[in-house]
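These notes are about the structure you will find just below.
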Amino acid sequence: MDKQELNILLVEDNHVYVELIKNTLENEAGYRLTIAENLQKARECLNEKHPDLMLIDFFLPDGLATDLLSGHVDHLDCPVVILTGPGDATPAIHSMNAGAWDYLVKTESALADITHVINRVMRDWLHFLEKKQATDMQQRLMSILEATPDMVAIFDADGFAQYVNVAGRKLLGFSQDQNLSELRLTDFYPVECAKIIRSEAISNAIRKGQWCGETELLTRSKDTIPVSQVLISHFGELGGVAFFSTIIRDISEYKRVQEKIEFLAYHDSLTGLINRTQLHNELEREIARALRHNETGAVLFIDLDHFKKINDTLGHLAGDSVLMQIALALKANVRRDDVVARLGGDEFIIILSGLPIDKAKAAEKAGEIAEKSRQDIAKIIHAESHRIQVTASIGIALFPLLEGGTHELIQHADTAMYHAKAQGRNGIAFYKQGMSDAVSRQLKLEVALRKAIEERQFRLYYQAQVNIGNGQVSGAEVLIRWNHPELGIIAPDEFISVLESSALISIVGQWVFETACYQLAQWVADGIWKDDYHLCINISPRQFRDTDFTAGIERVVKKTGVPAHCLEMEITENIVIYDLDKAIEIMRDLHGLGIRFSIDDFGTGYSSLRYIKRLPVNVLKIDRTFIQDMCTEKDDASIVDTIIAMARHMGLDVVAEGVETQDQLELLKSLGCPNYQGYYFSPPGTADEFKQLLLAA
Numbered sequence: 001m002d003k004q005e006l007n008i009l010l011v012e013d014n015h016v017y018v019e020l021i022k023n024t025l026e027n028e029a030g031y032r033l034t035i036a037e038n039l040q041k042a043r044e045c046l047n048e049k050h051p052d053l054m055l056i057d058f059f060l061p062d063g064l065a066t067d068l069l070s071g072h073v074d075h076l077d078c079p080v081v082i083l084t085g086p087g088d089a090t091p092a093i094h095s096m097n098a099g100a101w102d103y104l105v106k107t108e109s110a111l112a113d114i115t116h117v118i119n120r121v122m123r124d125w126l127h128f129l130e131k132k133q134a135t136d137m138q139q140r141l142m143s144i145l146e147a148t149p150d151m152v153a154i155f156d157a158d159g160f161a162q163y164v165n166v167a168g169r170k171l172l173g174f175s176q177d178q179n180l181s182e183l184r185l186t187d188f189y190p191v192e193c194a195k196i197i198r199s200e201a202i203s204n205a206i207r208k209g210q211w212c213g214e215t216e217l218l219t220r221s222k223d224t225i226p227v228s229q230v231l232i233s234h235f236g237e238l239g240g241v242a243f244f245s246t247i248i249r250d251i252s253e254y255k256r257v258q259e260k261i262e263f264l265a266y267h268d269s270l271t272g273l274i275n276r277t278q279l280h281n282e283l284e285r286e287i288a289r290a291l292r293h294n295e296t297g298a299v300l301f302i303d304l305d306h307f308k309k310i311n312d313t314l315g316h317l318a319g320d321s322v323l324m325q326i327a328l329a330l331k332a333n334v335r336r337d338d339v340v341a342r343l344g345g346d347e348f349i350i351i352l353s354g355l356p357i358d359k360a361k362a363a364e365k366a367g368e369i370a371e372k373s374r375q376d377i378a379k380i381i382h383a384e385s386h387r388i389q390v391t392a393s394i395g396i397a398l399f400p401l402l403e404g405g406t407h408e409l410i411q412h413a414d415t416a417m418y419h420a421k422a423q424g425r426n427g428i429a430f431y432k433q434g435m436s437d438a439v440s441r442q443l444k445l446e447v448a449l450r451k452a453i454e455e456r457q458f459r460l461y462y463q464a465q466v467n468i469g470n471g472q473v474s475g476a477e478v479l480i481r482w483n484h485p486e487l488g489i490i491a492p493d494e495f496i497s498v499l500e501s502s503a504l505i506s507i508v509g510q511w512v513f514e515t516a517c518y519q520l521a522q523w524v525a526d527g528i529w530k531d532d533y534h535l536c537i538n539i540s541p542r543q544f545r546d547t548d549f550t551a552g553i554e555r556v557v558k559k560t561g562v563p564a565h566c567l568e569m570e571i572t573e574n575i576v577i578y579d580l581d582k583a584i585e586i587m588r589d590l591h592g593l594g595i596r597f598s599i600d601d602f603g604t605g606y607s608s609l610r611y612i613k614r615l616p617v618n619v620l621k622i623d624r625t626f627i628q629d630m631c632t633e634k635d636d637a638s639i640v641d642t643i644i645a646m647a648r649h650m651g652l653d654v655v656a657e658g659v660e661t662q663d664q665l666e667l668l669k670s671l672g673c674p675n676y677q678g679y680y681f682s683p684p685g686t687a688d689e690f691k692q693l694l695l696a697a
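First residue of the sequence shown? That's 1 in full-length UniProt numbering, and the numbers climb one at a time after it.
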């Protein structure tokens with residue numbers, strides 16, 4: 001059938017008119033006629049065919065044309081032309097009101113010219129359809145604009161508001177019926193931002209077609225909101241700007257999270273004090289100031305005595321509460337220009353500046369502040385419904401030094417602190433030339449660790465990782481413990497740093513990996529380790545950088561017969577910052593064996609965010625510092641939510657560390673976190689203890 005052929009349905013019971021119309025249409029190409037002599041046949045034709053146009057007599061044997069229109073007008077997708085007799089116009093009026101497109105008086109001359117009527121009606125109908133489609137599209141676009149969560153607005157060439165969507169009015173504080181046409185684009189910004197919009201945004205939009213940037217909006221209540229914005233210029237037929245459109249997104253939450261992450265890069269997440277990185281920056285400035293102004297300063301190294309017992313007996317929540325209260329006490333005890341930092345664990349640093357040039361007087365002043373700090377720490381602390389007595393050992397080193405910088409100065413204070421501990425703890429000691437207690441202790445500890453390696457005093461513990469959705473074990477993290485013959489089980493916080501500072505970490509790390517693989521192979525052989533479980537093994541930066549690291553891993557995997565896809569290596573950002581390309585090469589080689597990689601403590605520094613896109617990692621582990629306060633701190637919850645969303649977008653798995661309460665678990669579940677580990681499900685246990693969890697799964 002010719003694509004231009006029109007299908008016409010004629011509903012007429014008068015054979016004279018039928019023949020006249022039929023003959024007229026047959027004399028011209030492009031028409032296909034279907035004839036129905038009554039309403040019933042017309043309805044059947046409409047159900048079977050889809051005419052392009054319908055000609056229908058008003059009076060039919062079984063009813064009126066309006067009867068058909070009233071039943072099909074909402075479903076007809078073609079124009080309807082009513083055929084009426086000469087004289088009374090009432091049928092035509094009724095038909096038009098019922099939905100007919102046009103009418104034709106049945107005279108011989110009119111019917112002879114019916115093709116012109118049909119062509120005119122079809123032209124009008126197509127024009128109507130085009131207009132209707134344009135209107136429908138405009139309504140759909142308007143619905144989209146009104147429903148979008150971002151502000152969308154249109155301004156004329158002079159900058160006056162022509163349209164602001166629902167989200168935009170809500171963001172700015174205007175009601176939906178308020179007239180904004182007297183307001184210019186620049187009226188929606190604070191003064192300084194408005195200057196940028198005038199001088200940069202509008203000019204760039206005109207010159208380049210659009211401008212993108214971050215700025216601030218000014219609400220009706222004079223509050224400012226950080227936003228990201230796209231300003232687009234639209235040009236008319238003559239080449240000039242016809243109007244501007246803009247899309248504006250509220251980035252307040254993003255800014256809060258960004259500031260939180262930036263803060264955490266230089267501050268301790270638990271106490272809010274500056275961290276080790278910022279401490280060195282501050283200390284460098286204070287040393288330079290002391291030299292410039294001919295003054296003396298002091299570094300106080302504070303270490304809490306037997307703090308590990310608090311964590312072990314009362315739990316980490318109580319321990320964290322103690323640390324926060326001590327941080328507040330130290331801040332309250334120092335002068336305005338002094339600096340308080342947390343090195344990590346139970347270690348704090350105070351930098352005292354502007355002390356007298358006379359070393360004796362400087363030492364006296366530093367000693368007074370140290371003694372006041374010691375006494376404040378020794379006061380009874382209430383934490384998690386417990387009354388806790390804490391003491392501290394404090395080492396003091398004066399600066400500037402004759403030789404050395406910040407590291408040497410902190411080491412001197414650290415050495416003095418260990419001397420205070422050796423004198424019975426809960427005391428103060430000044431650094432003296434030749435003081436070597438700390439060095440001696442480290443050497444002794446290193447000797448003890450070498451003996452521990454020889455006598456196989458290390459033990460592996462396993463902490464379950466759990467699928468939040470079904471509450472079932474999904475794997476485990478391998479943790480090392482030192483089973484000292486005299487001191488009992490020692491946590492890694494006590495000895496890992498010594499291992500790291502020597503070559504011993506590679507030996508111990510290789511032993512951990514091989515022992516864990518043998519254990520995993522045994523669980524697989526016993527049929528209790530499911531194929532989709534993963535055993536997570538920590539890899540130290542020094543071990544990772546060993547020249548034969550990859551080959552050693554391959555040998556162990558082959559020797560133990562362990563399924564490599566069940567292995568997961570947990571690394572930190574420190575591994576990759578030395579040589580990113582080499583790190584990627586090593587990770588890809590091991591990835592080729594089937595081994596997965598996870599990033600530990602994700603979100604606590606810039607490096608994770610910077611390198612994550614390039615690294616072949618599978619899992620992000622959310623640091624416990626975000627988890628512990630996420631139920632009470634909105635920023636921590638936002639960071640956790642952001643990390644989970646980022647991981648989901650990048651196709652990465654997520655494990656939340658340090659989950660200790662039901663509330664934390666429920667919030668993680670609501671945020672879509674797939675996995676967690678922590679004391680809430682189970683503490684780290686021996687291989688036999690963890691085996692019971694596998695058997696129960």
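All C-beta atoms, glycine included, are put in the ideal place defined by N, C-alpha and C.
Beta-carbon contacts of residue 342 that lie in its chain and below 6 Å, excluding the five residues immediately before and after: 268, 271, 273 and 348
Residue from 136, 132 and 25 whose Cα sits closest to the Cα of residue 113: Closest in C-alpha terms to residue 113, from the list 136, 132 and 25, comes 25.
Rounded separation between residue 470 and residue 669 - CA only: 11 Å
Residues of its chain near residue 196, where Cβ-Cβ distance is below 7 Å and the 5 sequence neighbours each way are ignored: 215
According to DSSP, residues forming a beta bridge with residue 34: 9
Environment of residue 212 [buried if 16+ CB atoms lie within 10 Å]: Exposed.
Length-filtered (4 minimum) alpha helix (DSSP H) runs lying within the region 386-434: Here the runs fully enclosed are 406-422.
Where residue 742 falls: helix, strand or coil (DSSP): Residue coverage of the chain in this structure runs from 1 to 697, which leaves residue 742 outside it and unanswerable.
Cβ-based neighbour list, residue 64, same chain, cut-off 7 Å, excluding 5 preceding and 5 following: 58
Selection from 544, 550 and 517 that minimises the alpha carbon distance to residue 534: The option with the nearest alpha carbon to residue 534 is 517.
Those runs of the beta strand (DSSP E) which lie wholly inside the region 664-696 and span at least 3 residues: none
With 16 other Cβ atoms within 10 Å as the buried cut-off, status of residue 12: So residue 12 ends up on the buried side.
Beta-carbon spacing of residue 351, residue 294 below 7 Å: It is not a contact, given that the beta carbons lie outside the stated cut-off.
Any 3 or more C-beta pairs closer than 8 Å across the region 583-600 and the region 627-645: no
DSSP three-state assignment for residue 607, whether helix, strand or coil: Here the model assigns residue 607 a pLDDT of 46, short of 50, so the residue's position is not dependable and the matter cannot be decided.
Contact set for residue 8: own chain, Cβ-Cβ below 8 Å, skip 5 residues either direction: 25, 31, 32, 33, 34, 51, 52, 53, 54, 55 and 118
CB-CB length for residue 394 against residue 301, believed under 8 Å: About 7 Å separates the two Cβ atoms, so the contact holds.
4 or more residues per run - each alpha helix (DSSP H) lying fully within the region 461-504: 496-500
Local conformation of residue 357 per DSSP, three classes: coil
Residue 549 and residue 575 closer than 7 Å at C-beta: no
Check whether residue 168 and residue 153 have beta carbons under 7 Å apart: Contact flag set, yes.
Span of the beta strand (DSSP E), counted from its first residue to its last, around residue 152: 151-156
Assumed close pair residue 644, residue 671 - CB separation to whole angstroms, cut-off 8 Å: Confirmed, about 5 Å.
Bridge partner(s) assigned by DSSP for residue 235: 241
Sufficient close CB pairs (3 or more, under 8 Å) joining the region 357-372 to the region 274-288: Verdict: no, contact absent.
Simplified DSSP state of residue 351, which is helix, strand or coil: strand
Own chain partners of residue 1 with C-beta closer than 8 Å, once the 5 adjacent residues on each side are dropped: Model confidence at residue 1 stands at a pLDDT of 39, short of 50, so the residue's coordinates are unreliable; what they give is reported in the following sentence. So the list reads 32, once near-sequence residues are dropped.
CB contact flag (residue 700, residue 29, <7 Å): For residue 700 there is no data in the structure shown, the boundaries of the chain being 1 and 697.
Sequence-distant residues of the same chain with beta carbon closer than 7 Å to residue 235, five excluded per side: 241 and 242
Start and end residues, beta strand (DSSP E) containing residue 188: No beta strand (DSSP E) contains residue 188, which DSSP labels as neither H nor E.
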